[in-house]
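Here the structure is laid out as structure tokens; the discussion comes afterwards.
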Amino acid sequence: EVNLEAEIIIYRYLLDAYGFGEKITVVPQKKIVAKEMTGKFIAKGRKKRSIGIKECAANGRYISLVNYSSSTDVDISRWVIKQKMDSASDIRYTMPKGIRIEQGKELRIYSNRSAGDVSSHGSAISALVQQQQQQPLVTDDLPSWGIGDTVETFLYNQNGEEEASYLQSIELKKGNM
Numbered sequence: 001e002v003n004l005e006a007e008i009i010i011y012r013y014l015l016d017a018y019g020f021g022e023k024i025t026v027v028p029q030k031k032i033v034a035k036e037m038t039g040k041f042i043a044k045g046r047k048k049r050s051i052g053i054k055e056c057a058a059n060g061r062y063i064s065l066v067n068y069s070s071s072t073d074v075d076i077s078r079w080v081i082k083q084k085m086d087s088a089s090d091i092r093y094t095m096p097k098g099i100r101i102e103q104g105k106e107l108r109i110y111s112n113r114s115a116g117d118v119s120s121h122g123s124a125i126s127a128l129v130q131q132q133q134q135q136p137l138v139t140d141d142l143p144s145w146g147i148g149d150t151v152e153t154f155l156y157n158q159n160g161e162e163e164a165s166y167l168q169s170i171e172l173k174k175g176n177m
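As numbered in the UniProt record's numbering, the sequence shown has no gaps in its residue numbers, which increase by one up to the final residue, 177.
Here's what the structure looks like:
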């Protein structure tokens with residue numbers, strides 16, 4: 001039995017020396033660490049008078065304007081919304097004639113790609129408008145509002161004066177789990 005084991009060892013050695021047989025090489029593995037993305041969403045708004053930008057949906061579906069006045073309705077006909085995104089081209093939208101925001105109410109301006117959000121709810125949307133004091137408006141020529149890591153939105157009155165601004169940014173960090 002001892003001789004048999006010795007012969008097997010010798011034959012294995014010879015096979016390895018001549019390149020026959022299998023070689024098993026143990027390679028030390030590097031430690032694999034899973035990466036996790038953490039992020040922070042920052043939104044800052046500023047208004048000069050009674051009309052302010054309440055929200056710019058991060059998915060580009062709508063922008064909400066609010067009349068913070070408790071006593072006056074504001075005509076925002078021909079006011080302009082401008083958005084600047086990371087490296088994309090700027091967006092410019094001019095309000096149609098006859099648009100007013102009543103005191104204490106919100107106007108939500110949907111992109112035309114999100115028009116289904118307004119129309120698919122049918123009469124439910126009018127109930128929502130009354131309950132949340134919200135008016136919907138759908139743009140005809142704007143498929144989406146700005147999307148990006150940093151989006152700056154400005155509201156200008158008909159004289160070109162800035163009325164409000166809204167900055168939103170997303171900061172992502174990679175971390176180890």
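Glycine included, C-beta positions come from ideal geometry on N, C-alpha and C.
Bear in mind the structure is a predicted one, so any value in this text is a computation, not a measurement.
From the DSSP output, in three-state form, read off residue i for me.
i    : result
L65  : strand
L4   : helix
S89  : coil
R113 : helix
A57  : coil
R100 : strand
Out of curiosity, what's the CA-to-CA distance linking residue i and residue j?
i    : j    : result
A88  : K44  : 21 Å
L155 : W79  : 7 Å
E55  : Y110 : 12 Å
S50  : S69  : 5 Å
D86  : S77  : 28 Å
F41  : N157 : 28 Å
Taking 8 Å as the cut-off, is the beta-carbon of residue i closer than that to any non-hydrogen atom of the ligand COA?
i   : result
S77 : Of ligands this structure carries none, so the ligand COA is not represented either.
Apart from the five residues on each side of it in sequence, which residues of its chain come closer than 7 Å, Cβ to Cβ, to residue i?
i   : result
D75 : R100
Go through its chain and collect everything with a Cβ distance to residue i's Cβ below 6 Å, but skip five positions before and after it.
i    : result
L167 : K44 and E152
Could you name the residues of the same chain whose beta carbon sits closer than 8 Å to that of residue i, not counting the 5 residues immediately before and after it, in chain order?
i    : result
S71  : Q103
P39  : For the sequence presented, residue 39 should be read as Gly rather than Pro. Excluding positions up to five away in sequence, the list reads I170, E171, L172 and K173.
L142 : I91, Y93, S111 and N112
For a quick check, are the C-beta atoms of residue i and residue j less than 9 Å apart?
i    : j    : result
N59  : E106 : no
E163 : K48  : yes
I91  : G160 : no
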